[in-house]
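Participant:
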Amino acid sequence: MRMVFECVECGAHYLPPEGMVYPDGPASPVWCADCQAAKRAAGLREDPLLARVALASARAALARRAAEAEPPARSDVRPSRPPASRRARSGPGGVRGKLA
Ligand SMILES: [Zn+2]
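Shown next as structure tokens:
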């Protein structure tokens with residue numbers, strides 16, 4: 001599953017390639033392909049700290065999505081205890097009552 005990033009420039013969500021590398025160079029975790037190209041043309045580089053934070057949050061979001069996609073654990077769908085039968089409800093106390 002690929003990580004989803006949110007461009008800090010235009011707010012668009014984008015999916016860089018799995019290896020974070022475009023055919024023409026490394027993908028940025030903070031800018032979408034369009035904004036990255038524009039920034040590069042303007043001679044700007046991404047903030048390394050911002051890039052690290054963006055990468056970490058994208059990884060966390062990916063882990064969350066992976067966890068949600070998994071079927072619930074078996075112990076969670078365990079049926080509740082079956083209702084007590086008539087026989088089970090009448091214990092020794094009931095028998096004693098009848099005998100007295
Ligand atoms: Zn953008």
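Number 71 in our numbering belongs to position 71 of the sequence shown; there are no gaps in the numbering.
Cβ coordinates follow ideal geometry from the N, Cα and C atoms, glycine included.
Small disclaimer: the values here were computed from a predicted structure and weren't measured.
1. CA-CA distance, P48 and A56?
2. Tell me whether E6 sits in a helix, a strand or coil according to DSSP, three-state version.
3. Any heavy atom of ligand 1 closer than 7 Å to the CB of D47?
4. Beta-carbon within less than 8 Å of M1's beta-carbon, same chain only, minus the 5 sequence neighbours each way: which residues are those?
5. Rounding to the nearest angstrom, what Cα-Cα distance links E46 and R81 in this structure?
6. Listed in chain order, which residues are found with a beta carbon closer than 6 Å to a heavy atom of ligand 1?
Facilitator: By the coordinates alone:
1. 12 Å
2. strand
3. no
4. L62, R65 and A66
5. 58 Å
6. C7, E9, C10, A12, W31, C32, D34 and C35
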